[in-house]
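Just so you know, the sequences run in chain order A and B.
Sequential numbering from 351 applies to the first sequence in my numbering.
Sequential numbering from 351 applies to the second sequence in my numbering.
Glycine included, every Cβ here is placed at the ideal spot set by N, Cα and C.
Below you'll find the structure, written out as structure tokens, and then a few comments.
2 protein chains.
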Amino acid sequence: MTVSGSGPSATPTVRDVAEHAGVSPMTVSRTLSGGKNVRAEVQEKVWAAVEELGYHRNENARSIRPGHSSGLIGVAITNLGNPYYGQFALGVEEVASLHGRRIMLGNTGEQLARESQLVSDFIGRQVEGLIVVPTGEGAEHLTPGRLGSVPLVLASRTVEGLDADTVLLDDINGAYEATKALIDGGHTRIGFLGNVLSVSTARRRYEGFVRALHEAGLEPDPALIRRGQQDVAAARRAMEELLGLDDPPTAIFSANNRNTIGALQAIGTRQKDGPAIPAPTLVGFDDVELADMLQVPLIIVSHDPRQLGAQAARMLFDRLDDPEMDESPRLVELPVTVGTLRG
Amino acid sequence: MTVSGSGPSATPTVRDVAEHAGVSPMTVSRTLSGGKNVRAEVQEKVWAAVEELGYHRNENARSIRPGHSSGLIGVAITNLGNPYYGQFALGVEEVASLHGRRIMLGNTGEQLARESQLVSDFIGRQVEGLIVVPTGEGAEHLTPGRLGSVPLVLASRTVEGLDADTVLLDDINGAYEATKALIDGGHTRIGFLGNVLSVSTARRRYEGFVRALHEAGLEPDPALIRRGQQDVAAARRAMEELLGLDDPPTAIFSANNRNTIGALQAIGTRQKDGPAIPAPTLVGFDDVELADMLQVPLIIVSHDPRQLGAQAARMLFDRLDDPEMDESPRLVELPVTVGTLRG
DNA sequence: GGCGGTACTGGTAACGATATCAGTGCACTT
DNA sequence: AAGTGCACTGATATCGTTACCAGTACCGCC
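Written as structure tokens, this is what we have:
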């Protein structure tokens, strides 16, 4: 009595199928790979055995053979709970699916250590490529020495000291145009809400913000600048602080959708509870569902995160399909649209 | 001259590391698995070689060895673009991460064929378990015969004819309570917006809706029932139809967040363009970001999709950790909260 | 000196799938 | 009749890894 009995609960292998169909494992393999050079009659027996045993080819075993690849793309994002990244992942998934690849998705929670661990694990699982929305604080785990020959595309954010294919939004111009719209509307006391400076989008959007101010002969007022809010709750508190100032800003630039939503909540509470102070005009980067329904002066710097994901995936597959292509990293900046004032 | 030259671009293997460190592959393997029974001095050499070559253990190769599992959980959801499912995936990911597993995420786009293909592929990649938000139209690809010994948890929706571990929301009571709130508010002409009937949540929420009507001696009015809207645009059109009726409903029950947003958009447009007709009271299943900021009468049937994902993952790991557990499928219904009327 | 134990190291054989090579049998040409 | 080509099939070796077994060296103890 052998230990490797063909117990019904064990996952069936080619050998089991072969035995069941009365052929060799090779014939099973050939049948599953298209059936070239296998008699139709034999193929039928094989398929019947496959059906009966509930056999599935072991892709992991296949992938260790030379020349064969895993068909997996590793995707590391910072916060799946943000609808923005759900759309992003959808864009990646759609393009990957077109190329016959699956995605492995990991969430870093904005933590460098988890990002590093995730990337290492992805490579161990033989992903063919990586798409990473980096926390931005460290580059070492993403260097070519660590990744070997696995191509990498950075999305949405850059990493200091790392030269890799990157797809960004036109953060600077978007922030510039949006801030300019506020200035053109007569605002001079403009506040700023943004996330931590280690994130490149925060820096770039701040840069556009300041550029517009300077161009109008204005200086950013440190008292009106709040940076470092990574979630809605923190953003709300920061906005409440600004609203509570003796001389509050008449307009706010919010650098991402978490901050925009927090700011809107703060405004909402204040309008409900306090005296009828006119709400500050808000301009926010990133789309927000239902933003157009609000009774608040609001400009949205709009873009399509799904396209961002799709573009990142396309850049990755460019390299996968043509490994000989020019090695110098490419940078793509996707356009953004500055909405018109409402409310 | 051998073909398998240790070219620098090729992914390094244990053998390469072993050669580099002047030891056998076994010693490398032992070092990487904790270093038991390997001299500290030798371990250092091994780690140095690992570092220098940028070696990563091939998890796929490991996973084909007996007794070793892949550490992967397959997650199939219907629409990653819906923030609801981003939160859901986050909940799954967090719990999986606690158990040392990664998730493979696939998007079905509400298409049965893609769901079936996805599940088959997941099994081929040796996932240890499956979490599926089913389209609900077919059960065959999810039967034990097809899945072998891979445990399955259905989330959010059921599949007719399939008995599996399932975690749902308390759809029926949620819809019942919400509809009752409308009736208690004096409404008798209540419209219904929902997605296709093949989705079990649509059926269950409709059931709760009808139950509340019947209890109050009312009948659902076919002219006010719109079902089958799977996205925001379709929901908006359906709501516009209802608003355009000669005798429009004074209240609307919306069975999910896509329909709620579409309905809100229709209301918004009408308030902007048309005469100042009072907006119908809206009650919507699923949370919507910023819903509390709107100037529209709105009740939300609220719940936490992240918890739903976490619960699904926990139910899966219950089985993985204890394969001997009672085989009969478990059903969990998570509570929902009916918000108070605002606006 | 011999014995048993322990710490360390490496050779070998699998895991599941398949590329390669070596057939076998049959039809068809010359 | 002999040769040629083709369609089909299977035995073998291999991918990267590690469990298992078989050492080897060295220690302490009688």
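Along chain B, which residues have their Cβ under 8 Å away from the Cβ of residue i?
{"i": "A/Asn408", "result": "Ile414, Gly474, Gln476"}
What's the gap between the Cα of residue i and the Cα of residue j?
{"i": "A/Ile617", "j": "B/Asp642", "result": "12 Å"}
{"i": "B/Ser379", "j": "B/Gln393", "result": "10 Å"}
{"i": "A/Val638", "j": "A/Arg656", "result": "14 Å"}
{"i": "B/Glu677", "j": "B/Arg577", "result": "36 Å"}
{"i": "B/Val646", "j": "A/Pro433", "result": "23 Å"}
{"i": "A/Asn387", "j": "B/Leu497", "result": "30 Å"}
{"i": "A/Ile650", "j": "B/Arg608", "result": "21 Å"}
{"i": "A/Gly404", "j": "A/Pro362", "result": "8 Å"}
{"i": "A/Leu430", "j": "A/Ile575", "result": "27 Å"}
{"i": "A/Asn606", "j": "A/Gly541", "result": "14 Å"}
{"i": "B/Ser466", "j": "A/Leu568", "result": "59 Å"}
{"i": "A/Ser652", "j": "A/Thr687", "result": "5 Å"}
{"i": "A/Gly680", "j": "B/Ala585", "result": "Note that residue 680 of chain A is Arg in the sequence shown, not Gly. Whole-angstrom Cα-Cα distance: 41 Å."}
{"i": "A/Gly372", "j": "B/Pro572", "result": "60 Å"}
{"i": "B/Val503", "j": "A/Glu409", "result": "23 Å"}
{"i": "A/Ala588", "j": "A/Gln615", "result": "11 Å"}
{"i": "A/Pro570", "j": "A/Asp534", "result": "16 Å"}
{"i": "B/His537", "j": "B/Ala601", "result": "7 Å"}
Could you check whether the Cβ of residue i sits closer than 9 Å to any Cβ belonging to chain B?
{"i": "A/Leu548", "result": "The question names Leu, but residue 548 of chain A is Ser in the sequence shown. No, because no Cβ of chain B sits closer than 9 Å to the Cβ of A/Ser548."}
{"i": "A/Ile602", "result": "no"}
{"i": "A/Ile533", "result": "no"}
{"i": "A/Gln615", "result": "yes"}
{"i": "A/Leu422", "result": "yes"}
{"i": "A/Gln437", "result": "yes"}
{"i": "A/Pro362", "result": "yes"}
{"i": "A/Gly634", "result": "no"}
Quick test of your reading: residue i and residue j, contact by CB under 8 Å. State the CB separation rounded to the nearest angstrom.
{"i": "A/Glu510", "j": "A/Thr485", "result": "About 11 Å; that fails the 8 Å criterion."}
{"i": "B/Pro685", "j": "B/Asp520", "result": "6 Å"}
{"i": "A/Thr508", "j": "A/Leu492", "result": "The pair is not a contact, with the Cβ atoms about 11 Å apart (cut-off 8 Å)."}
{"i": "B/Val445", "j": "B/Arg669", "result": "At roughly 13 Å, the Cβ-Cβ gap does not stay under 8 Å, so B/Val445 and B/Arg669 are not in contact."}
Buried or exposed for residue i, please, with buried defined as at least 16 other CB atoms from any protein chain shown within 10 angstroms of its CB.
{"i": "A/Asp671", "result": "exposed"}
{"i": "A/Asp636", "result": "buried"}
{"i": "B/Gly355", "result": "Caution is warranted here: a pLDDT of 36 is assigned to B/Gly355, below 50, making its placement in the model unreliable, and no coordinate value can be reported."}
{"i": "B/Arg452", "result": "buried"}
{"i": "A/Ala360", "result": "exposed"}
{"i": "A/Ile627", "result": "exposed"}
{"i": "A/Arg389", "result": "exposed"}
{"i": "B/Ser374", "result": "exposed"}
{"i": "A/Arg550", "result": "The amino acid occupying residue 550 of chain A in the given sequence is Ser; Arg does not appear at that position. It counts as buried."}
{"i": "B/Arg365", "result": "exposed"}
{"i": "B/Thr352", "result": "With a pLDDT of 31 at B/Thr352, under the threshold of 50, the predicted position of this residue should be treated as unreliable, though the coordinate-derived value follows. By the neighbour-count rule (16 or more Cβ atoms within 10 Å), B/Thr352 is not buried but exposed."}
{"i": "A/Ser383", "result": "exposed"}
{"i": "B/Ala463", "result": "exposed"}
{"i": "A/Lys622", "result": "exposed"}
{"i": "A/Arg415", "result": "exposed"}
Please confirm if residue i has its CB atom under 9 Å from at least one CB of chain A.
{"i": "B/Asp637", "result": "no"}
{"i": "B/Ile611", "result": "yes"}
{"i": "B/Met589", "result": "no"}
{"i": "B/Ser374", "result": "no"}
{"i": "B/Glu443", "result": "yes"}
{"i": "B/Gly417", "result": "no"}
{"i": "B/Arg561", "result": "no"}
{"i": "B/Ser678", "result": "no"}
{"i": "B/Arg365", "result": "no"}
{"i": "B/Gly495", "result": "yes"}
{"i": "B/Arg327", "result": "Nothing can be reported for residue 327 of chain B: it is not among the residues displayed for chain B, which extend from 351 to 693."}
{"i": "B/Ser379", "result": "no"}
{"i": "B/Ser447", "result": "yes"}
Name, please, each residue of chain A whose Cβ falls closer than 7 Å to the Cβ of residue i.
{"i": "B/Ala411", "result": "Ile414"}
List, in chain order, every chain B residue whose beta-carbon is nearer than 9 Å to that of residue i.
{"i": "A/Leu644", "result": "Leu640, Met643, Leu644, Gln645"}
{"i": "A/Ser470", "result": "His406"}
Counting only Cβ pairs nearer than 7 Å, list the residues of chain B close to residue i.
{"i": "A/Ile453", "result": "Leu455"}
{"i": "A/Leu440", "result": "Leu430, Gly431, Asn457"}
{"i": "A/Gly498", "result": "Thr361, Gly404"}
{"i": "A/Gly567", "result": "None at all; the shortest Cβ gap to chain B is about 35 Å."}
Counting only Cβ pairs nearer than 9 Å, list the residues of chain A close to residue i.
{"i": "B/Gly384", "result": "Ordered by position in chain A, no residue passes the 9 Å Cβ test against B/Gly384, which lies about 16 Å from the chain."}
What does residue i touch in chain A if you count any residue whose Cβ is under 8 Å from its own?
{"i": "B/Gly618", "result": "Asp642, Met643"}
Verify the contact flag: residue i, CB atom, against every heavy atom of the ligand FAD, threshold strictly below 8 Å.
{"i": "A/Val364", "result": "For the structure depicted, the ligand FAD is absent and the ligand set is empty, with no information on it obtainable."}
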